[in-house]
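Inspection log for the structure reproduced underneath, given as structure tokens.
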Ligand code: ADP
Ligand code: NA
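Laid out in structure tokens, this is it:
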């Protein structure tokens, strides 16, 4: 019997890029095999509204993210895939945990310091969303949370809040651990010293899962490399070329040894390598793209998937909350 429960969330930001795919989505698909039945994946729309959202766009983004996750191999029979806001218990637990958390504790979090300066009048939600994140995890008594290193402080906060609750009211929550496995970091095609991100204004800096082979070729062709045309892997000294190799490994699912044969022996120079890589990316994304397009035509199906997932998630969440409410004194 599997003793672990895995929780992960992704914001509905629309069509993911290959960085999201290599760094998060394909990892979940791997974890789904190992932890089938014990893994939850939430489209965290409540987190999205910490910053202003357009209503129609937000809904489209929720559907698109769902389509992409299914297209990439998330199976609702193995992973509880659901829309966060359909399980209102997330908000209820967040409120209770929020009453155990000091304001300075939140103000010390690095992401708050970063994000508050990005808006003129930061909302309460932007300050307290790490508490909601803790609630997301603890609501399912999750033990493993696959997230990036940038989430370390938030997982620490989650553990602190779990401990605080257990001490004050009675033991309900387990200690959760970060599951920061070997996931690649894909960098921007235009600024190869920073990560590939939706927030980079230039859309040519990233490849999205729905990009056509022509678009992929164009983006690869214009990827920033250096003035040396030979190919070598040196992330510090040659971030551009090394990033292409990282992308190659991730998209073709190759090990470091295999990549040496593929790219270094076959390709003649960076120019040719970019063309070759564009073909490899396009080929590996073709079936994903096809499925995304098909799913997108059936929003009712996608809505049902999210609702059915929410019903399953609610069963687990309600059990936790019954204990929580009783112990608090409600
Ligand atoms: P973005 O920066 O594009 O907004 P998010 O911050 O929404 O991406 O991240 C969503 C998920 O994708 C996270 O799990 C994050 O670790 C992963 N991720 C984002 N960008 C990359 C990247 N360039 N390389 C690897 N993983 C990434
Ligand atoms: Na981001």
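Residue numbers (the UniProt record's numbering): 49 to 378.
Note that the Cβ used here is the ideal one computed from N, Cα and C, for glycine as well.
Could you tell me if the beta carbon of residue i falls within a distance shorter than 7 Å of some heavy atom in the ligand ADP?
i	result
residue 91	no
residue 267	no
residue 65	yes
residue 43	Nothing about residue 43 can be reported from this structure: the residues present for the chain run from 49 to 378 only.
residue 68	yes
residue 61	yes
residue 329	no
residue 297	no
residue 87	no
residue 226	no
residue 71	yes
residue 110	no
residue 360	no
residue 48	Not covered by the structure: residue 48. The range shown for the chain is 49 to 378.
residue 84	no
Here's the rule I'm using: 16 or more other beta-carbon atoms within 10 Å means buried, otherwise exposed. How should residue i be labelled?
i	result
residue 68	buried
residue 110	buried
residue 143	exposed
residue 75	buried
residue 386	The structure shown does not extend to residue 386, since the chain is modelled only from 49 through 378, so no value can be given for it.
residue 275	exposed
residue 238	buried
residue 105	exposed
residue 198	exposed
residue 152	exposed
residue 308	exposed
residue 269	exposed
residue 250	exposed
residue 181	buried
Quick one: what's got a C-beta closer than 6 Å to residue i's C-beta in the same chain, skipping five residues either side?
i	result
residue 73	120
residue 173	98
residue 265	326
residue 218	375
residue 298	70, 232
Ordered along the chain, which non-local residues of its own chain (more than five positions away) have a Cβ less than 7 Å from that of residue i?
i	result
residue 311	279, 293, 296, 321
residue 300	328, 332
residue 372	141, 144, 220
residue 149	179, 209
Anyone know if the C-beta pair for residue i and residue j falls short of 8 Å?
i	j	result
residue 122	residue 80	yes
residue 236	residue 246	no
residue 357	residue 232	no
residue 92	residue 146	no
residue 220	residue 363	no
residue 131	residue 354	yes
residue 277	residue 319	yes
residue 176	residue 154	yes
residue 216	residue 365	no
Might you give, ordered along the chain, the residues of its own chain that have their beta carbon closer than 8 Å to the beta carbon of residue i, omitting 5 neighbours on each side?
i	result
residue 54	79, 83, 86, 87, 88, 190, 191, 192, 193, 194, 227
residue 351	111
Three or more beta-carbon pairs under 8 Å between the stretch 197 to 208 and the stretch 124 to 138, yes or no?
no
Inter-stretch contact at 8 Å, needing at least 3 Cβ pairs: the stretch 149 to 168 / the stretch 339 to 348:
no
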